[in-house]
Ligand code: ZN
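Residue numbers (the working numbering): 111 to 259.
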C-alpha cells in the first residue's frame, strides 16, 4: 500500500513549461527608469520577488523582476512579466483578478487564453500551501498600484 503524502501532480507538459520559465526566466533583472517598485516575500516557502515597472500614460511600458524561491513562484513571475508589457494598468489588474480566480479553482479562468502560459499553474489550486507561491508576483503587481487605480 502506498502511504506517501500527496505531491503536486501537474501534467508533464505543464511541468515542462514551469521548469522552462524557472530555468530561463523572462524579463529577469533590474529596470532603469522604473516608476513602480514592490518587494514581497512568502515566508511559508522562502520565496522573494522584487517587481519593477515603468508606467507611462497609464500603460506598462517595461517590467522586470528579481527573485528567488521555488519553481512555482519564479515561473509565475516570469510568465506574468510576459503578459504585462504594453497592457493598460486596469487590464493588468484584471489579469491579476483572473489569476486569483484560477488559483481558487475557477475552471473558466483556467481556460482563459488571456492568461497565456500561466494556465500551466492551474493545477496548483489543488495545493493550498502553494497558492501563495503562485500569487506572490501578482500580489506585488496589485500592491504597486494600490490606491492609484
Ligand atoms: Zn514557493
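We treat Cβ as the ideally placed atom computed from N, Cα and C, and that holds for glycine.
Could you tell me whether the region 173 to 192 touches the region 228 to 246, using the rule of 3 or more Cβ pairs below 8 Å? Contact between the region 173 to 192 and the region 228 to 246 is present: 3 or more CB-CB pairs across the two stretches fall below 8 Å.
Tell me which residue opens and which closes the alpha helix (DSSP H) that residue 166 is part of. Residue 166 -> not in any alpha helix (DSSP H); beta strand (DSSP E) instead, spanning 157 to 166.
Kindly indicate the opening and closing residues of the alpha helix (DSSP H) around residue 249. Start and end: 238 to 254.
For residue 228, the three-state DSSP class (helix, strand or coil): The DSSP-derived three-state label of residue 228 is helix.
Range of the contiguous beta strand (DSSP E) that encloses residue 169: Per DSSP, residue 169 belongs to the beta strand (DSSP E) from 169 to 178.
Going by DSSP, which residues form a beta bridge with residue 149? Bridge pairing for residue 149: 160 [DSSP].
Using 8 Å as the Cβ pair cut-off and three pairs as the minimum, do the region 186 to 201 and the region 223 to 236 touch? Enough Cβ pairs lie closer than 8 Å, so yes.
Sequence-distant residues of its chain with Cβ nearer than 7 Å to residue 211 (five each side left out): In chain order, 219 place their CB closer than 7 Å to the CB of residue 211, counting only its own chain and leaving out the 5 sequence neighbours on each side.
Taking one C-beta from the region 164 to 174 and one from the region 132 to 152 each time, how about it: are there three or more such pairs within less than 8 Å? A contact exists between the region 164 to 174 and the region 132 to 152.
Using a Cβ-based criterion (distance less than 7 Å to any ligand heavy atom), does residue 183 qualify as near ligand 1? Correct: residue 183 has its Cβ closer than 7 Å to ligand 1.
Just checking residue 130 against ligand 1 - is the residue's beta carbon closer than 7 Å to any of the ligand's heavy atoms? No, Cβ of residue 130 sits at least 7 Å from all heavy atoms of ligand 1.
Rounding to the nearest angstrom, what Cα-Cα distance links residue 179 and residue 131 in this structure? A direct Cα-Cα distance of roughly 13 Å separates residue 179 from residue 131.
In angstroms with no decimal places, state the Cα-to-Cα distance between residue 153 and residue 249. Rounded to whole angstroms, the separation of the alpha carbons of residue 249 and residue 153 is 14 Å.
For residue 258, count neighbouring C-beta atoms within 10 Å of its own C-beta (all shown protein chains included) and say buried if the count is 16 or more, exposed if not. With fewer than 16 Cβ atoms within 10 Å of its Cβ, residue 258 is classed as exposed.
Backbone secondary structure at residue 195 - three-state DSSP: Assignment of residue 195 by DSSP, reduced to helix, strand and coil, places it in the coil class.
Whole-angstrom distance between residue 205 and residue 161, CA atom to CA atom: Going by the C-alpha atoms only, they are around 16 Å apart.
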